[in-house]
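Novice: Here my numbering runs 991 ahead of the position in the sequence shown, where the first position is 1.
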Amino acid sequence: MQSPVERLIRPQIWEMEGYVPVEPLEALAKRHGISLDRIIKLDANENPYGCSIRVQEALASFDRYQIYPDPFHEQARALLEKYTGMSRDRIMVGSGSDELIDLIVRLFVGPDDEIINCPPSFGMYYYSANVAGARVVDVQRDEKFALDLRGIQGAISERTKLIFLASPNNPTGNSVEPAEVVELLKHNLVVVVDEAYYEFAGRTLVPLVGEFDNLIVLRTFSKWAGLAGLRVGYGVFPPEVIKQLWKIKQPYNVNVAAQLAVEASLDDLERLQTTVQWIRKERGRLFRQLRKINYLEPYPSQANFILCKVLRGEALQVMRELEKNGIFIRYYNTPLLSQYIRISVGKPEDTDALVKTLLRTANSL
Ligand SMILES: *Cc1c(COP(=O)(O)O)cnc(C)c1O
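(1) My assumption, with CB atoms under 8 Å, is that F1296 sits in contact with P1162. Please give the rounded CB distance.
(2) Please identify the residue among D1103, Q1131, V1301, I1095 whose C-alpha is closest to the C-alpha of M1115.
(3) Heavy atom of ligand 1 less than 7 Å from the Cβ of N1246, yes or no?
(4) How is the beta strand (DSSP E) around M1083 delimited, first residue to last?
(5) If you run the structure through DSSP and keep just helix, strand and coil, what is R1210?
(6) Between I1031, L999, E1065, D1028, which lies nearest to Q1250 when the distance is taken from Cα to Cα?
(7) Who are the Cβ neighbours of S1256 in its own chain at under 8 Å, not counting the five residues just before and after it?
(8) Tell me whether the beta-carbon of C1109 lies closer than 8 Å to the beta-carbon of V1130.
(9) Measuring CB atoms only, is the stretch 1260 to 1278 touching the stretch 1003 to 1020, in the sense that at least three cross pairs come out at less than 8 Å?
(10) Which residues does DSSP list as the beta-bridge partners of L1298?
(11) Of the residues G1317, S1026, V1128, Y1286, which one's Cα is nearest the Cα of E1305?
(12) Counting only the same chain and skipping the five closest in sequence on each side, list residues whose C-beta sits under 8 Å from that of L1098.
(13) Between N1121 and V1181, what straight-line distance do the alpha-carbon atoms span, to the nearest angstrom?
(14) Should T1266 be listed as close to ligand 1, given that the test is whether its C-beta is under 7 Å from any heavy atom?
(15) Once you ignore the five residues that flank D1258 on each side, which residues in its own chain have a CB closer than 7 Å to its CB?
(16) Terminal residues of the continuous beta strand (DSSP E) containing Y1117?
(17) In chain order, what residues of the same chain lie with their CB nearer than 7 Å to the CB of R1282, ignoring the 5 residues before and after it?
(18) Can you tell me the Cβ-Cβ gap for R1321 and R1333, rounded? I've got them flagged as a contact below 8 Å.
(19) By DSSP, does L1287 sit in helix, in strand, or in coil?
(20) Quick check on V1253: does DSSP put it in helix, strand or coil?
(21) Could you check which residue in G1101, N1324, L1313 has the C-alpha nearest to that of K1347?
(22) Where does F1191 fall in DSSP's three states?
(23) Look at S1166 and A1187 and say whether their C-beta atoms are less than 8 Å apart.
(24) With respect to 7 Å, is the separation between the Cβ of T1211 and the closest non-hydrogen atom of ligand 3 below this value?
Shown next as structure tokens:
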């Protein structure tokens, strides 16, 4: 039974399930009785090398935090113009790319409109569409997690507004084929390519945004630049779309610290790109090690994580064994991924500790 005040709540919200985020570090440590610095956190694709030291210096020495942030992010957009090769007029910064996903959904989608989602993929597309009252049409990926292009084309209807494609995809690690995106762009809908892991892959569809008025590319500083805690992402948009988006963006969406952090990070590119190289190298080593674990089947990845199918025992059990040893990975309590785990690429010593525990776990599965 709903109380009177509950009956005032939109039914769509009442019926939906909330987003389940990863457990905060402090809570993890407390629940397992482990000190913070002994935790090996491989559950959220964060950067084990942290952010640029110049970010910490810039934030410590800044002395105008009492002033509201620049609503137009001029400085950050000027630097992003150089970084992306696209005009700053096409670039908007958000409080994480999560905010931009939400803004895009709100710009295009009303109740009873449809978005196409290609699971398994990033949960925020589904979540934001749900909050907006949209219908999410799922077109599942094939057994190798490639897109089902024919299925997608068959699912496009009069009411379809958006399709979200993460590339590389989270949690599967594979990228979308540019030709597939071009094919979808021929339809009357907006294609959003989410390149949250672009720096680990090296391939981008950003230049194509200059050629199509229905393509959006999103990126973030959370993963490669180690700024997940400061919340800052950006998008490259067609002019007609960004013009309308500016109207609905909250003026002070990106705080001063986040804007300073973008500037300091892009000022320290060489160092950041070095850590990206380390992670890419470690990804290769982690993959080869995981392949030797006889109950795991790792999938090739172009991002900073590796999805593994658990071939014997339960994925939940593997996660629990790792947890006991202070190693935290991503487990999915969903039908599509109940037999999978996702492991973020850490430092070499993290890989070593992980593999040691995985080998020991083999006996108990
Ligand atoms: C982590 C992630 C994001 C979230 O980025 P934020 O900028 O931290 O909001 C977006 N898309 C995908 C696919 C991700 O994995």
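All residues carry an ideal CB built from backbone N, CA and C; glycine is no exception. On a predicted model such as this, the values are computed, not experimentally measured, just so you know.
Specialist: Judging by the given coordinates:
(1) 7 Å
(2) I1095
(3) no
(4) 1082 to 1085
(5) strand
(6) E1065
(7) C1042, S1043, R1045, V1046, F1212, A1216, L1218, L1263
(8) yes
(9) no
(10) R1333
(11) Y1286
(12) V1232, Q1235, L1236, I1239
(13) 18 Å
(14) no
(15) R1045
(16) Y1117 -> not in any beta strand (DSSP E); alpha helix (DSSP H) instead, spanning 1114 to 1122.
(17) P1289
(18) 4 Å
(19) strand
(20) helix
(21) L1313
(22) helix
(23) no
(24) Summarising the ligand content, the structure contains ligand 1 and does not contain ligand 3.
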